Amino acid sequence: MSSERIYMVSDNAAGERIDKWICAQCDDITRSAVQKMISENMVIVNGKPVSKNYKISSNDEVVLNVPEPKELSAEPENIPVDIVYEDDDLLVVNKPKGMVVHPAAGNYNGTLVNALMYHCKGRLSSINGVIRPGIVHRIDKNTSGLLIVAKNDIAHAGLAAQIKEHSFTREYEAVVCGKFKENEGTVNAPIGRHKTDRKKMCVTDLNSREAVTHYSVISEYERYTHLRLRLETGRTHQIRVHMKYIGHPVLGDDVYGTEYKGIQGQCLHAKKIGFIHPVTNEYLEFDSELPEYFDNILNKLKNI
């Protein structure tokens, strides 16, 4: 059994490799999974199967026949994971760009959950079921940075309550296109599903939820700006959608913005996270270094 997803190629994506383009549309499918689907003739362009080297054209109709999720429980895998903090109730991890948080259709292994199950010997909260044990909140596949994981249901419930109350500290850094007239500001615009592309989110009043993002300028370059962003809410793709909405898409975001040579996916890092420990009631806050890919981009921009 498989589910069908249909996409149309936009003008600005013409010439891109089919496997890379599909990954940009589907946060829940890895590039290796896409290539496997292509090799098994599960990717159809304009009615015909294509190779993974196929270069898409404007207005191509791309049909994915994505395998339905197996009756699966995530299996432990010995994958290195950057642990920033750990105790008996929770841990904070620094997720690399390109790693999916939990198994999903077409992506059954190599995820953060697989790595955590090995590291924690299966001791993770069960509230989100067998596919997402311990996962309290997520960040996108191509977003790097800090993520909290619950080891038991008490910790999970306490952390989830803080997220619902918007009392978490969540700060990101991003490089976005263009310059700002003001050094700081707030985007208060509701986010919901795109009416024609269900994999995308957008600013809309239809079936949407409140979304608030605060931003401040760290530094400016000739055509780009390095921003600090603080989330008041935590909607899917919130920063990426809000930045596009105000005309400053995140650099490298090939879903909501434009690609950038040298990186795959958006230049966005979850840099700081703070919360009240759900068991000890102590306030904890963690900050991470900008990853190498982010520093490399900043160095390039300085020399433009």
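Numbering of the sequence shown is given in our numbering, commencing with residue 2 and proceeding in unit increments.
Virtual Cβ for every residue (Gly too), placed ideally from N, Cα, C.
These figures come from a predicted structure and were not determined experimentally.
*Taking the CB atoms as reference points, tell me whether Leu125 and Lys152 lie closer together than 8 Å.*
As a first step, residue 125 is located in the sequence shown; it is residue number 124 there, counting from the start. As a first step, residue 152 is located in the sequence shown; it is residue number 151 there, counting from the start. Less than 8 Å separates the beta-carbon of Leu125 from that of Lys152.
*Applying the criterion that 16 or more other CB atoms from any shown protein chain within 10 Å of the CB defines a buried residue, is His167 buried or exposed?*
The sequence position of residue 167 within the sequence shown is 166, counting from 1. So His167 counts as exposed.
_Bridge partners for Ser220 per DSSP, in chain order?_
In the sequence shown, the residue the question calls residue 220 occupies position 219. In DSSP, Ser220 forms a bridge with His227.
*Could you spell out the range, first to last residue, of the alpha helix (DSSP H) harbouring Cys24?*
As a working note, residue 24 is residue 23 in the sequence shown. First-last of the alpha helix (DSSP H) with Cys24: Ile19 to Gln26.
*Taking the CB atoms as reference points, tell me whether Leu302 and Tyr225 lie closer together than 8 Å.*
Along the sequence shown, read from residue 1 onward, the residue named residue 302 stands at position 301. Along the sequence shown, read from residue 1 onward, the residue named residue 225 stands at position 224. A contact, by the Cβ cut-off of 8 Å.
*Would you tell me roughly how many angstroms separate the C-alpha atoms of Tyr222 and Glu174, rounded to the nearest one?*
The residue given as residue 222 occupies position 221 in the sequence shown. The residue given as residue 174 occupies position 173 in the sequence shown. So the two alpha carbons sit approximately 15 Å from each other.
_Ile128 (DSSP reduced to helix, strand or coil)_ = Locating residue 128 in the sequence shown gives position 127, counting from the first residue. DSSP places Ile128 in coil when its eight states are reduced to three.
*Cβ pair Arg210, Gly235 closer than 8 Å*: Translated into positions along the sequence shown, residue 210 becomes position 209. Translated into positions along the sequence shown, residue 235 becomes position 234. Remark: C-beta atoms of Arg210 and Gly235 do not approach each other more closely than 8 Å.
*His270 - DSSP class collapsed to helix/strand/coil*: To locate residue 270, count along the sequence shown from 1; it is residue 269. DSSP places His270 in strand when its eight states are reduced to three.
_Straight-line gap, Arg18 to Val35 (C-alpha atoms, nearest Å)_ = Translated into positions along the sequence shown, residue 18 becomes position 17. Translated into positions along the sequence shown, residue 35 becomes position 34. Going by C-alpha positions, Arg18 is about 12 Å away from Val35.
*asked:* Just to confirm the assignment: which complete beta strand (DSSP E) runs, minimum length 3, are found wholly within the region 114-166?
replied: Entirely contained in the region 114-166, the beta strand (DSSP E) runs reaching 3 residues are, in chain order, 145-151.
*Exposure of Tyr86, with buried meaning 16 or more beta-carbon neighbours within 10 Å*: Translated into the one-based positions of the sequence shown, residue 86 becomes position 85. Residue environment for Tyr86: exposed (fewer than 16 other C-beta atoms within 10 angstroms of its C-beta).
*asked:* On a Cα-Cα basis, can you pick out the residue from His157, His103 and Ala116 that is closest to Lys142?
replied: One-based indexing of the sequence shown puts residue 142 at position 141. Looking from the CA of Lys142, the closest CA among His157, His103 and Ala116 belongs to His103.
*Looking at Arg241 and Asp254, is the spacing between their C-beta atoms short of 8 Å?*
To locate residue 254, count along the sequence shown from 1; it is residue 253. To locate residue 241, count along the sequence shown from 1; it is residue 240. A distance below 8 Å separates the beta carbons of Asp254 and Arg241.
*asked:* Within 10 Å of its beta-carbon, does Lys262 have 16 or more other beta-carbons around it, so buried, or fewer, so exposed?
replied: For the purposes of this step, residue 262 is identified with residue 261 of the sequence shown, where counting begins at 1. With fewer than 16 other Cβ atoms within 10 Å, it is exposed.
*Opposite Ile84 in the DSSP bridges: which residues?*
For this step, residue 84 is matched to residue 83 along the sequence shown. The partner list for Ile84 (beta bridge, DSSP) reads Val94.
*Do the region 176-187 and the region 113-128 touch if we need at least three Cβ pairs shorter than 8 Å?*
Segments in contact, no.
*If Met244 sits next to Val177, beta carbons under 8 Å apart, how far is it from one beta carbon to the other, in whole angstroms?*
Position 243 of the sequence shown, counted from the start, is the residue given in the question as residue 244. Position 176 of the sequence shown, counted from the start, is the residue given in the question as residue 177. The beta-carbon separation of Met244 and Val177, rounded to 5 Å, stays under the 8 Å limit for a contact.
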